[in-house]
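Visitor: This structure is in structure tokens; I'll ask about it shortly.
In structure tokens:
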């Protein structure tokens, strides 16, 4: 009886020793589990250190539309904003962009080789005078002489015109001229209509010199300029000068040195 018990005890001890050796091998070779491990996506984001290369950007699937402007476009917008800030004091571009609702620059494409076609037809409104057309032509010529890279063909016919001159007796509000423009998504102006009144808001007949000054102001709008806060500029909301100021000229030149479109 005693001999059998000793033999069984020795067998049990041998099994326990082998089990301990196997457990030690498994512990050394198998990675320990983290009891509070973060999800894999969180672990990957935490693993990035200053010395680690950034994770590659996901490539949009074919046919998908990226949200917001691209990096190059953002750089272009930033450069345009920088140049606008640098022009403060010599132009009023910053002033009218701050007051705008879309923060966009609007202008014609470079139209030196292919002039913008303008139809200057005869007016039928009361008090219309043929000399008015000459005053309008002078205003266009004055802006072109300032060096803006846009030329206008004032002999275009009505069917082919991109810009039309219209006449009315009087506006219902306090103005003597109005310019309406259309532009594409890139900010390039495509068409325009300039309407002149033959009587001012007080009912007085407009003189040829009055039309000349109003035309200077409205052609400025046609080029893409908005109002200036300075009464010394022809683009002041109510023109009080009879010719372009240096700020009028510089505002147009800087506008045509920048890319049109949104600035945000």
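Numbering (our numbering), first residue to last: 1 to 264. A virtual CB, placed ideally from N, CA and C, is assigned to each residue, including glycine. As the structure is a prediction and not an experimental result, all values here were calculated from the model.
Check residue 65 in the structure and name its three-state DSSP category.
Guide: Residue placement at residue 65 is flagged as unreliable, the pLDDT there being 47, under the threshold of 50; a coordinate-derived value is accordingly withheld.
Visitor: Which runs of the alpha helix (DSSP H) fall wholly inside the region 105-156 and span at least 4 residues, in chain order?
Guide: Within the region 105-156, the complete alpha helix (DSSP H) runs of at least 4 residues are 131-145.
Visitor: On the three-state DSSP scale, how would you describe residue 275?
Guide: Here the chain comprises residues numbered 1 to 264, so residue 275 is not present and cannot be evaluated.
Visitor: Out of 261, 212, 226, state which residue places its alpha-carbon closest to the alpha-carbon of residue 248.
Guide: When only C-alpha atoms are compared, the closest one is 226.
Visitor: Rounded to whole angstroms, what is the Cα-Cα separation between residue 150 and residue 137?
Guide: Using only the alpha carbons, I get a separation of about 15 Å.
Visitor: Find out if the Cβ-Cβ distance for the pair residue 189, residue 119 is shorter than 8 Å.
Guide: Cβ distance not < 8 Å, so residue 189 and residue 119 don't count as in contact.
Visitor: Assuming residue 161 and residue 117 make a contact with CB atoms under 8 Å, what is their CB distance in whole Å?
Guide: Right, their Cβ atoms sit about 5 Å apart.
Visitor: If we ignore side chains and look at the alpha-carbon of each, how far apart do residue 245 and residue 132 end up?
Guide: Cα-Cα distance, rounded: 23 Å.
Visitor: Mind the definition here: the region 222-238 touches the region 249-262 only if three or more C-beta pairs lie below 8 Å; say whether that holds.
Guide: Cβ pair count under 8 Å is three or more, so yes.
Visitor: Tell me, to the nearest whole angstrom, how far the beta carbon of residue 229 is from that of residue 104; I am working on the premise that it is less than 8 Å.
Guide: Contact doesn't hold; Cβ gap of about 19 Å is too wide.
Visitor: Output the boundary residues of the alpha helix (DSSP H) element that contains residue 96.
Guide: Counting along the chain, the alpha helix (DSSP H) containing residue 96 begins and ends at 93-99.
Visitor: Expressed to the nearest angstrom, what Euclidean distance is found between the alpha-carbon atoms of residue 206 and residue 123?
Guide: About 13 Å.
Visitor: Starting from residue 180, follow the beta strand (DSSP E) in both directions and report where the run begins and ends.
Guide: Per DSSP, residue 180 belongs to the beta strand (DSSP E) from 177-183.
Visitor: Output yes or no for whether 8 Å exceeds the beta carbon distance between residue 83 and residue 258.
Guide: Yes, the pair counts as a contact, with Cβ atoms nearer than the cut-off.
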